[in-house]
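Residue numbers (the working numbering): 563 to 713. Every residue, glycine too, gets a C-beta built ideally from N, C-alpha and C. Computed from a prediction, not measured in an experiment: that's the story for all the values here.
So, in structure tokens, the structure goes:
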């Protein structure tokens with residue numbers, strides 16, 4: 563796990579200090595030579611290695627916040643769950659079926675990338691009239707990570 567954290571910190575040196583955005587995702591994906599495709603999908607997105615090349619597919623119909631969360635989630639799979647020896651590997655983000663340790667870890671890190679601890683505390687103190695349901699859901703999930711792990 564220590565090596566995993568080093569890989570995340572190397573890629574995102576200000577994790578849990580700065581809010582990373584979709585622009586950061588595109589920059590990192592380009593630097594790591596990851597092929598990123600946006601297509602209509604039945605799930606939020608998935609990561610695969612095809613013919614030795616990393617590929618992230620993201621549902622083009624996702625709202626911006628969900629798109630960014632999915633993008634970081636899949637990028638975390640690339641950073642932590644590979645390389646595999648197999649020639650073709652698939653990991654996917656499906657909120658309804660998120661059960662494995664790899665999926666939970668990818669989701670937690672993606673949330674921390676998007677909502678660092680100071681931003682989380684700031685948002686907790688900000689009254690929302692009627693926040694976007696996903697934003698509220700994201701904040702609740704992020705709060706649970708903070709309560710469970712203190713980060």
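With 16 as the cutoff for other CB atoms within 10 Å, does residue 712 come out buried or exposed? Residue 712 should be labelled exposed.
Taking Cβ positions, are residue 636 and residue 618 nearer each other than 7 Å? Yes; because the gap between Cβ atoms is below 7 Å, this pair is in contact.
Cβ atoms of residue 643 and residue 621: under 7 Å apart, would you say? Result no, Cβ atoms of residue 621 and residue 643 do not sit closer than 7 Å.
Grouping DSSP H, G and I as helix and E and B as strand, with all else coil, what is residue 613? Here residue 613 sits in coil by DSSP.
For residue 660, the three-state DSSP class (helix, strand or coil): Low confidence applies here, because residue 660 scores a pLDDT of 49, under 50, leaving its location unreliable; read the following figure in that light. In the three-state reduction of the DSSP assignment, residue 660 falls in the coil class.
Using DSSP with H/G/I as helix, E/B as strand and the rest coil, what is residue 599? Residue 599 carries a strand assignment under DSSP once its states are collapsed to helix, strand and coil.
Mapping the DSSP letters down to three states, classify residue 621 as helix, strand or coil. In the structure shown, residue 621 sits in a strand (DSSP, three-state: E or B).
Between residue 584 and residue 630, is the Cβ-Cβ spacing less than 7 Å? The answer is yes: Cβ separation under 7 Å.
Best match in 623, 591 and 676 for proximity to residue 609 [C-alpha to C-alpha]: Its Cα nearest to that of residue 609, the residue 591 stands out among 623, 591 and 676.
C-alpha gap between residue 613 and residue 587, whole angstroms: Roughly 23 Å between the two C-alpha positions.
For residue 603, I'd like the list of residues in its chain whose CB is within less than 7 Å of its CB, leaving aside the five on either flank, ordered along the chain. For residue 603, where only same-chain residues beyond five positions count, the Cβ hits under 7 Å are 619 and 621.
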